[in-house]
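K.L.:
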Amino acid sequence: MNTAKQVETSDARKRQAIVVKATDGVEVDLGIGVNCVVRVKVGPLDPDYTHFSVVGLELLKDGYLNFHSHMFSERVVICSRGAGRVYAEGRQHLVSKGTTMFWGNGFPVKVEQDGEDPLLLSVIALPPGPESRFDLFGYTSERQMDLTKLREIVGIRLQAEDSAHAASGRFVIVHDEEGDEYWQAAPSLGVVSIMMAPPILPVTHFCVASQLLDPGAFVRPHGHVLSEEIVIVTEGSGLAVVEGVEYEIAAGDLVVLPPPLIHNFINNTEKPLKYCGVFLPPSVEGALRETGIRKLPGQPRPEVKRNPMTERLLVEKYGFIIPGVSPKETAPAKRLN
């Protein structure tokens, strides 16, 4: 897409990473909201990324999305700016910076902006959501297919408020600092939080975790053998480093990191940097628990030690790629005659 920075790698066989700023993307009109800007950032028209999509929703003052559901995809929704409300299961849920949600397929929701600042949401849809098809919704008014018919074809269903109470068990909301939090060792001083993973998540093919880096802290270069990492910055600014190339990032920005690209994050500012990562398939939640120390209310930061055995644990048990640390070689299986 012409708004994304395609990050070149030295290996042509690797899929490319993508970096997209908060206000970039191809704008589409779903015809289901007011004062709402929808920006497609990653979608199935990119041959490298046909298994999910990422769309930014910016609800301006008094903006809203009517009750609707996606019949063929489930959505992870991450807030990086502003405040608002989500209506689901007959209840009103407050949304603010750092809030993470799961909207199951077929589950109806309504979203409203509140306050003076725009409400900025990032929507990761699995498989790609119909709103990512900017080739359909992005038509000019002269060429636009009837939106009612188009929504029906691609699986966007509008529902009345009184019928939206029927679905249950497919909506999860976790506010900032409500996840399972763990102190981390230097140089990545700060806290990681497991926001969504089984059993609170009704699916098992991904997990969501956030990381807060203190001023001056950084994550060491690493990669993942199998997991794709979809990162949304929710607070502050800093650097994302992909295969040795630095990119400035700030709240609302998107970074997509396919395996096995080496990457890391740096907080080069005097304020906290926080970002949320969706991992497909899940791989880091166990590592974060095993290598960190549980953060308890009222307890001071403990000393978290990390040693070469910790690195080997990450590599051999959790599929991390750490430069200079080779996975343990295993003997070849014996052939049975």
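Under the UniProt record's numbering, the sequence shown has 217 at position 217, and the numbering climbs by one with no breaks.
Ideal placement from N, C-alpha and C gives every residue a C-beta, glycine not left out.
Quantities reported herein were computed from a predicted structural model and do not represent experimental measurements.
My output table needs one value for Phe134: the three-state DSSP class, helix, strand or coil.
P.N.:
It is helical.
K.L.:
Distance, Cα to Cα, Pro118 vs Tyr87?
P.N.:
For Pro118 and Tyr87, the distance between alpha carbons rounds to 18 angstroms.
K.L.:
Please report how far the alpha carbon of Pro258 lies from the alpha carbon of Ile249, in whole angstroms.
P.N.:
Taking the straight line joining both Cα atoms gives about 18 angstroms.
K.L.:
Taking 8 angstroms as the threshold, find out whether the segment 109-117 comes into contact with the segment 288-295 through three or more Cβ pairs.
P.N.:
Contact between the segment 109-117 and the segment 288-295 is absent, because fewer than three Cβ pairs lie under 8 angstroms.
K.L.:
Name the DSSP bridge partner or partners of residue 355?
P.N.:
Outside the displayed range of the chain (1 to 337) lies residue 355, so it cannot be described from this structure.
K.L.:
Where does Met71 land, buried or exposed, given buried means 16+ other C-beta within 10 angstroms?
P.N.:
The residue is exposed, with fewer than 16 neighbouring Cβ atoms inside 10 Å.
K.L.:
Under a Cβ-count criterion, where at least 16 other Cβ atoms within 10 Å of its own Cβ denotes burial, should Asn307 be classed as buried or exposed?
P.N.:
By the 10 Å Cβ count, Asn307 comes out exposed.
K.L.:
What are the start and end residues of the alpha helix (DSSP H) that includes Pro301?
P.N.:
Here residue 301 turns out to be Arg, not Pro, going by the sequence shown. Per DSSP, Arg301 belongs to no alpha helix (DSSP H) and is neither H nor E.
K.L.:
With the cut-off set at 7 angstroms, would you say Val19 and Val255 are in Cβ contact?
P.N.:
Yes; because the gap between Cβ atoms is below 7 angstroms, this pair is in contact.
K.L.:
Going by the CB atoms, is the gap between Leu57 and Val76 shorter than 7 angstroms?
P.N.:
No, the Cβ-Cβ distance between Val76 and Leu57 is not below 7 angstroms.
K.L.:
Starting from the C-beta of Pro198, find all residues in its chain whose C-beta is less than 6 angstroms away, skip the five residues before and the five after it, and write them out in chain order.
P.N.:
Result list for Pro198: Thr204, in chain order.
K.L.:
Since Gly84 is in the alpha helix (DSSP H), which residue starts that stretch and which ends it?
P.N.:
Element bounds for Gly84: not the alpha helix (DSSP H) but the beta strand (DSSP E), Ala83 to Ala88.
K.L.:
Between which residues of its own chain and Leu212 is the CB-CB distance below 6 angstroms, once the five residues before and five after are set aside?
P.N.:
Excluding residues within five positions, the ones whose Cβ falls inside 6 angstroms are Gly190, Val191, Pro272 and Lys274.
K.L.:
Put Glu181 into one of helix, strand or coil per three-state DSSP.
P.N.:
Glu181 falls in the strand class under three-state DSSP.
K.L.:
Helix, strand or coil for Leu226, going by three-state DSSP, please let me know.
P.N.:
Correct three-state label for Leu226: coil.
K.L.:
If you reduce the DSSP assignment to three classes, tell me which class Met195 lands in.
P.N.:
Met195: strand per DSSP, three-state reduction.
K.L.:
Using DSSP with H/G/I as helix, E/B as strand and the rest coil, what is Thr204?
P.N.:
Coil, per DSSP.
K.L.:
Smallest Cα separation from Trp183: which of Phe218, Glu303 and Thr148?
P.N.:
Here the closest residue by C-alpha is Glu303.
K.L.:
Less than 6 angstroms between C-beta atoms, sequence neighbours within five positions excluded: which residues of the same chain meet that for Leu121?
P.N.:
Excluding sequence neighbours, Leu121 sits near Leu57, Val77 and Cys79.
K.L.:
Classify Leu59: buried if its beta carbon has 16 or more other beta carbons within 10 angstroms, exposed otherwise.
P.N.:
With 16 or more Cβ atoms within 10 Å of its Cβ, Leu59 is classed as buried.
K.L.:
Given a cut-off of 7 angstroms, decide if Leu261 and Ala17 are closer than it, judged by their beta-carbon atoms.
P.N.:
In contact: Ala17 and Leu261 (Cβ atoms closer than 7 angstroms).
K.L.:
Shortest alpha-carbon distance to Ile232 belongs to which of Pro221, Phe265 and Asp214?
P.N.:
Ranking the options by Cα distance to Ile232, first place goes to Phe265.
K.L.:
Grab me the residues of Thr9's own chain with a C-beta within less than 7 angstroms of its C-beta, minus the 5 sequence neighbours each way, in chain order.
P.N.:
Interpretation of Thr9 is limited by its pLDDT of 47, a score under 50 that renders its predicted location unreliable; no figure is taken from the coordinates.
K.L.:
What span of residues does the alpha helix (DSSP H) with Arg312 cover, start to end?
P.N.:
It spans Pro308 to Tyr318 - the alpha helix (DSSP H) in which Arg312 sits, taken as one unbroken run.
K.L.:
Check whether the Cβ atoms of Thr100 and Val174 lie closer than 7 angstroms to each other.
P.N.:
The answer is yes: Cβ separation under 7 angstroms.
K.L.:
Any idea which residues DSSP pairs Tyr64 with across the strands?
P.N.:
According to DSSP, which records beta bridges pairwise, Tyr64 is partnered with Val34 and Glu112.
K.L.:
Find the nearest neighbour of Glu290 within the set Leu65, Leu313 and Phe67, judged by alpha-carbon distance.
P.N.:
With distances taken between Cα atoms, Glu290 lies closest to Leu313.
K.L.:
Leu147 lies in the beta strand (DSSP E); which residues open and close that run?
P.N.:
Where Leu147 is concerned, there is no enclosing beta strand (DSSP E), although the alpha helix (DSSP H) it sits in stretches over Leu147 to Val154.
K.L.:
Would you identify the three-state DSSP class for Glu270, choosing helix, strand or coil?
P.N.:
Here Glu270 sits in coil by DSSP.
K.L.:
Which same chain residues end up closer than 8 angstroms to Asp214 when comparing Cβ atoms and leaving out the 5 residues on each side of it in sequence?
P.N.:
Once the five neighbours on either side are set aside, the close Cβ partners of Asp214 are Leu189, Gly190, Asn267 and Pro272.
K.L.:
If you draw a straight line from the alpha carbon of Val154 to that of Leu136, how long is it in whole angstroms?
P.N.:
Each residue's Cα considered, the two are about 10 angstroms apart.
K.L.:
For the alpha helix (DSSP H) that Leu288 lies in, which residues bound it at each end?
P.N.:
Looking at the DSSP string, the run of the alpha helix (DSSP H) that includes Leu288 is Glu285 to Thr291.
K.L.:
Among Gln299, Cys36 and Asp62, which residue has its Cα nearest to the Cα of Leu181?
P.N.:
The sequence given here has Glu at residue 181, not Leu. Residue Gln299 is the option with its Cα nearest to Glu181.
K.L.:
On the DSSP bridge assignment, give the partners of Leu158 in chain order.
P.N.:
Leu158 is bridged to His68.
K.L.:
Short of 6 angstroms in beta carbon distance, which residues of its chain neighbour Glu228, apart from the five on each side in sequence? Order them along the chain.
P.N.:
Result list for Glu228: Pro258 and Leu280, in chain order.
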